[in-house]
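Novice:
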Amino acid sequence: MAPLLGLRTCIYRVSDMEKAKAWYSELLDFAPYFDEPFYIGFSVAGYELGLLPEESAVKTKSEGVNTYWGVENVDEYWAKLLAMGATVYEEPTEVGGGIITAMAKDPWGNLFGIIYNPHFQLP
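Quick note: the sequence shown uses our numbering, first residue 5, plus one each step.
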C-alpha cells in the first residue's frame, strides 16, 4: 500500500456561506480560489481550508479532532481572531520546545487552531 501523502483539506461547516466566506477572506487576507454555493475553497500555503453549508442545525460541533494552522506569531493572529468575533477555546500556551498553540471557535462554532512550531518544516 502506498503511504499517505499528507493532509490536504480541512472542512468547516457553516450555516451562512456568504458570511463565512467574508469572515475567512478577512482572516486569511485573501479570497477563495473556488467559490460555489456548495463549496468554498481557500488555498492556504498548499493546504485547503474548505467551507461546506450545514444542511441542518448541528447540536454540537466535534471537539475530538483539532486542526492547527501554522503561523509565525501566535499573539498577533490570536488578537486578530478575537477581534473578528472568534471565541476562546484554549488560550495561547507554550507546550514545550518553543511550540505555542491556541484554539478558538469561529462564529459558527468550528474549532480553529493556530500553532507556531519552530521544529516543523515542509519538505
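Cβ coordinates follow ideal geometry from the N, Cα and C atoms, glycine included.
What is the rounded straight-line gap between the Cα of Asn77 and the Cα of Pro41?
Specialist: Roughly 33 Å separates the two Cα atoms.
Novice: Keeping to the same chain, check which residues put their C-beta closer than 6 Å to that of Asp110; ignore five residues upstream and five downstream.
Specialist: Cβ within range, chain order: Ala90, Phe116.
Novice: In the DSSP output, which residue or residues are listed as bridge partners for Arg21?
Specialist: The sequence given here has Met at residue 21, not Arg. DSSP output for Met21 lists no bridge partner at all.
Novice: Taking all protein chains shown into account, do 16 or more other C-beta atoms lie within 10 angstroms of the C-beta of Phe38, making it buried, or fewer, making it exposed?
Specialist: The residue in question, Phe38, is exposed, as its Cβ has fewer than 16 Cβ neighbours within 10 Å.
Novice: Beta strand (DSSP E) containing Tyr51: first to last residue?
Specialist: Segment 51-57, the beta strand (DSSP E) holding Tyr51.
Novice: In terms of residue numbering, what span does the alpha helix (DSSP H) encompassing Tyr81 cover?
Specialist: Where Tyr81 is concerned, the enclosing alpha helix (DSSP H) stretches over 78-87.
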